[in-house]
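Have a look at the structure below before the remarks.
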Amino acid sequence: MASSTRKLIVEVIDARELLPKDGHGTSSPYVIVDYYGQRKRTKTVARDLNPTWNELLDFNVGKPSDVFGDVLELDVYHDKSLGPTTRTNFLGRVRLSSGQFVTKGEEALIYYPLEKKHLFSWVQGKIGLKIYFVDEPVAPPPPPPPAAEDVKPPDEIPPTEPQPADQEAKTAETAADTNAGNSDPSAEAAPAPPAEKPSDGGDKPSEDQPQAPPSAPESAAAEKDNTAPGSDAPPPPEEGDGVPMEPPPPPPPILPEAKAFTATRSVSEINMTGLKGPRPISRAASVSSFTSDLSDTVPIERSAFDLVNKMHYLFVRVVKARSLPTKGNPIVKIAVSGCVVGSSPARKMQFFEWDQTFAFGRDSPDFSTILEVSVWDPPRSSAATPASDVAGHNFLGGICFDVSEIPLRDPPDSPLAPQWYRLEGGGAHSGDLMLATWVGTQADESFPDAWKTDTAGNPNSRSKVYQSPKLWYLRLTVLEAQDILPLIPSRQSSSLTLHFQIKAQLGFQMLKTRPAVNRNGSPSWNEDLVFVAAEPFADQQLIIFLESKQPKESVRFGIATIPLTSIERRVDDRQIAARWFSLDDPNAEKRIYKGRLQLRVCFDGGYHVMDEAAHVCSDYRPTARQLWKPSVGTVELGIVGCRNLLPMKTINGKGSTDAYAVAKYGNKWVRTRTISDSLDPKWNEQYTWRVYDPSTVLTVGVFDSWEAFDVDAAPKESVRADFRLGKVRIRVSTLQMGTVYKNTYPLMMLTPAGLKKMGEIELAVRFVRSTGTLDFLHVYSQPLLPVMHHIRPLGLAQLEMLRSAAVKIVAAHLTRSEPPLRREVVSYILDADSHGFSMRKVRANWIRIVRVVAGVDDVVKWVNDTRAWRKPSATVLVHALVVMLVWYPDLIIPALAFYLFVVGAWNYRFRGREPPAQFDPKLSMAEAIDRDELEEEFDGMPSGSGNEVVRARYDKLRNIGARLQTVLGDIATQGERMQALVTWRDPRATAIFVGLCLLVALLSYVVPSKMVAMAFGFYYLRHPIFRDGMPSPALNFFRRLPSLSDRIM
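Its first residue numbered 0, the sequence shown is counted upward by one per residue in numbering that gives the first Met the number 0.
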């Protein structure tokens, strides 16, 4: 098998606007790149401030080192050999971390600004680089020639392949049977044979078992995601090693899911012939791993799962059996605490293999102290069913365990090695069963893929982690077309004005340009069309149509196809070179030239592809990994459970809820296991996300699954949409660092019947900072969105259209996972339907505006109270403050800043110590909502209501529009009166205003401004006995000014 070595490729393209350092207004730059102690140099470009190198430098990626680090350092110098300078002048440097590098195929040309070496360096300009990792295969060395005495004829040379696995297993089985035959059948089981095949049930094999290498896609993904850029590549075999490379073992077959059922009778009713009561199997004990009381042990998880409660499970891993007196496919049944679980039929190989793990909850007080494991030979005509539990099955033997003596496994320890046990009660030749039993928690690595008692054995109920696809903005710039006129008949071209239009399609997205009017067959558009594309791009194509809009119908002239894999990627606003694409006839079997199009096509990696609403976004990073900033911390979420959930469906006449939770932050989704038939489900699962910006939101939703049961009476039930039970949003910036927030949040749902509480969910959240304080505070000064959103912004309507397309792509991707994350779940978490019209939201937003303006209203009331001398002492202090600020105006800004500081320090005493704020029904105007408005909010587009209902809604909107019209007219009137002061629409009013302005100007030259300001302040704060209740003359003068409202028809 050929190995590979990883290299870092640095393409030094060019530089721009370098400083002149040779004394003649120019420089002769060259570049030195240093990585992991390897230093390479480019050529020197003579006398050029915008040099171009186009050189490729490769570096070996070594192990992580404390000496060199994982930083790539690039320095630009001026060559002293060219020019009158006598020393090598520094022109700038770039330092990059390996976390910013990508693999080959994802690279893009990036211009990095040159940095200073020290404080007094004078540096300017940018340098363009392409940096990426590449894996180069290394051929294995040929085997050394055999010794002279060992040379044989070609027909007598034995094969170099290793001994087949079945022969090794047969030898080990013979030795094991010999040992078992010489010992007492009731004694301890013999040790496991060495030739054991790797398991495929998700458990780690024992240390003496060779672990099968991962498949090619898995190893490639692991190398891409988990291998650090500075990690060591696998070394090639040495030259002197003559051991031939062994071919990889075949992948293990996929096991069918375990089928489980709950017994309708107690465990003691199962008749195991030959067993005289359950008795424990004696095994060697160790003080650290064996105990009979869970309370006497140390916590199983020392660092993980510290936000949730420990849930203890009894794990039983059934691996395989041997020497069973059957030729069929036996099954294993496990009975404990009244629950009987049947495994899938065994795979008949060298042994009877299952390799399945079962987890039984131990937290119930009536948990049984006896564990029974038995092997049965089912009838070949039917599968294992509850009815044929004993009557239709042939009992082959069983084992009994005392649960109090089962070991407690600590996760830092290695997985418990399975052992061989002699089956009892099945006759003279009952055989042996290999299994392992231990007590663990939900932190055990076998837990996610194990059969669990609280999930009813449903394979889709397992907890999973999902990844959103990597989304890109695809920008298509349509410039012009040529050679189109010969395709049109001459009589049509002379009599019609042709309207050419370009339509572009990417998957379900279809965009078109504006029509271009042209008579010479060379229309031009110069218009951008933006799509959303998801990796991988292997089978995707961008299809472009050229059409002409005719009076009756559109005529399609040609079609062009662009594979997405051939499109260039960029991370900035640099111009992409335009290319010509030939148009083909879509109806012809052969390619017929129909003209050509000039296009610019590129992937814009400098944008963040929005799949969430901007105000509840969980990630603002750009698509291009090279532009990512280091993470500032981690957020940990513990999903404890729910309480008092409402029954969502009826199964066999009983209300039932099969709840699971989904959490989303960034591009990582998590789904808990589905707890079957429980109104108080307990998950106790914990997850972690990296935080790149604290001003983001973590979303958790709860849903009722329709896949937890196989409903025979209604098979169509399983295709129903999962019902929403509510969601919770937690803004990371509102969390104190290092503080654990463990609280219960209500699950509220707004349904067509009104606001309904679906239950409560208990969550634990913690935010941990991983950077320095100054670096963390520096994040608050950075823009939320990437730079491209500010350099070349997208319109609001365009962003909303692209967000809708992104939601559909993400939903389609996650629906294809196993188990699938359903489309309605993704749409609810991403708020895909949150921008519909709602009168309730209009009122809620108006209340928010009123609350914001309420502060200004309080200030106005305080000023009026001060002027009215309701508190004479406060009014006197205000007079003194006016005198101080007038005579010392430099104190105005410091006084205002100190006032805001005092207000903030005073409010610190009343800061919220309760859990992070959740949905507020009162603020949302959802507590007392009108029934008609609620029906309007849930009505789709187009409306499905009757004509009378739609007419009533329209009349209501007309009344609201009339009020808004009046408000807009009043605002326009005040603005026009301000303009009328100097426009001489009212000659007398303008003359008065202009004369007053002249008088004020003259007085300002004579009277000091401080005296004027003090006089105005004292006049404004004069006592009420010196004022009357009529409006001031200035206000009366302003109200008399004319406006244009009298000209409105």
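Every residue, glycine too, gets a C-beta built ideally from N, C-alpha and C.
Taking the alpha-carbon positions, what's the residue i to residue j distance?
| i | j | result |
| --- | --- | --- |
| residue 663 | residue 823 | 14 Å |
| residue 3 | residue 742 | 51 Å |
| residue 47 | residue 114 | 20 Å |
| residue 656 | residue 756 | 15 Å |
| residue 636 | residue 762 | 7 Å |
| residue 750 | residue 799 | 25 Å |
| residue 510 | residue 841 | 32 Å |
| residue 747 | residue 704 | 18 Å |
| residue 1037 | residue 896 | 34 Å |
| residue 922 | residue 727 | 16 Å |
| residue 6 | residue 625 | 17 Å |
| residue 939 | residue 648 | 25 Å |
| residue 821 | residue 813 | 7 Å |
| residue 596 | residue 545 | 9 Å |
| residue 608 | residue 767 | 27 Å |
| residue 678 | residue 449 | 23 Å |
| residue 1024 | residue 952 | 54 Å |
| residue 513 | residue 549 | 15 Å |
| residue 1058 | residue 888 | Nothing can be reported for residue 1058: it is not among the residues displayed for the chain, which extend from 0 to 1048. |
| residue 404 | residue 444 | 22 Å |
| residue 84 | residue 21 | 6 Å |
| residue 794 | residue 977 | 33 Å |
Within its chain, find whatever has a CB closer than 8 Å to the CB of residue i; leave out the 5 residues flanking it on each side and keep chain order.
| i | result |
| --- | --- |
| residue 44 | 27, 28, 29, 50, 51, 52 |
| residue 890 | 883, 884 |
| residue 803 | 831 |
| residue 19 | 25, 26, 48 |
| residue 835 | 936, 940 |
Residue i: which of the options sits nearest, CA to CA?
| i | options | result |
| --- | --- | --- |
| residue 516 | 501, 99, 529, 577 | 501 |
| residue 674 | 503, 462, 581 | 462 |
| residue 343 | 543, 985, 810, 353 | 353 |
| residue 623 | 553, 507, 570 | 570 |
| residue 421 | 434, 409, 410 | 434 |
| residue 124 | 575, 111, 117 | 111 |
| residue 578 | 586, 802, 567 | 567 |
| residue 866 | 900, 695, 878 | 878 |
| residue 332 | 375, 355, 369 | 375 |
| residue 554 | 377, 499, 815, 1045 | 499 |
| residue 929 | 634, 837, 980, 962 | 837 |
| residue 725 | 653, 642, 740, 784 | 642 |
Pull up the DSSP beta-bridge partners for residue i, would you.
| i | result |
| --- | --- |
| residue 553 | 548 |
| residue 507 | Partner(s): none; residue 507 has no beta bridge. |
| residue 1024 | DSSP, once it has assigned bridges, lists no residue as partnering residue 1024. |
| residue 42 | In DSSP, residue 42 forms no bridge with anything. |
| residue 886 | BP columns for residue 886 are empty, so no partner. |
| residue 438 | 313, 407 |
Looking only at its own chain, which residues have a Cβ that is under 6 Å from the Cβ of residue i, when we skip the five neighbours before and after it?
| i | result |
| --- | --- |
| residue 1054 | Because the chain is modelled from 0 through 1048, residue 1054 falls outside the range shown and cannot be assessed. |
| residue 163 | Bear in mind that the predicted position of residue 163 carries a pLDDT of just 42, short of 50, making it too unreliable to give a figure here. |
| residue 831 | 806 |
| residue 13 | 51, 127 |
| residue 99 | 625 |
The ligand MG heavy atoms versus the CB of residue i: any closer than 7 Å?
| i | result |
| --- | --- |
| residue 693 | Absence of the ligand MG from the depicted structure is noted, as is the absence of any ligand whatsoever, leaving it without description. |
Can you round the beta-carbon distance between residue i and residue j to whole angstroms, since I take them to be within the 8 Å contact cut?
| i | j | result |
| --- | --- | --- |
| residue 700 | residue 660 | 7 Å |
| residue 775 | residue 631 | 5 Å |
| residue 537 | residue 564 | 6 Å |
| residue 528 | residue 464 | Going by Cβ atoms, the distance from residue 528 to residue 464 rounds to 35 Å, so no, they are not a contact pair. |
| residue 778 | residue 692 | 6 Å |
| residue 430 | residue 345 | Between residue 345 and residue 430 the Cβ distance is about 12 Å, and since that is not below 8 Å, they are no contact. |
| residue 101 | residue 56 | That belief does not hold up - the Cβ atoms of residue 101 and residue 56 are roughly 17 Å apart, past 8 Å. |
So, at 7 Å on beta carbons, what are the nonlocal neighbours of residue i in its own chain, with the 5 sequence-adjacent residues on each side left out?
| i | result |
| --- | --- |
| residue 719 | 705 |
| residue 23 | 82 |
| residue 93 | 73, 111, 113, 114, 126 |
Using a Cβ-Cβ distance under 8 Å, would residue i count as near chain B?
| i | result |
| --- | --- |
| residue 1037 | Among the chains of the structure shown, chain B does not appear; only one protein chain is present. |
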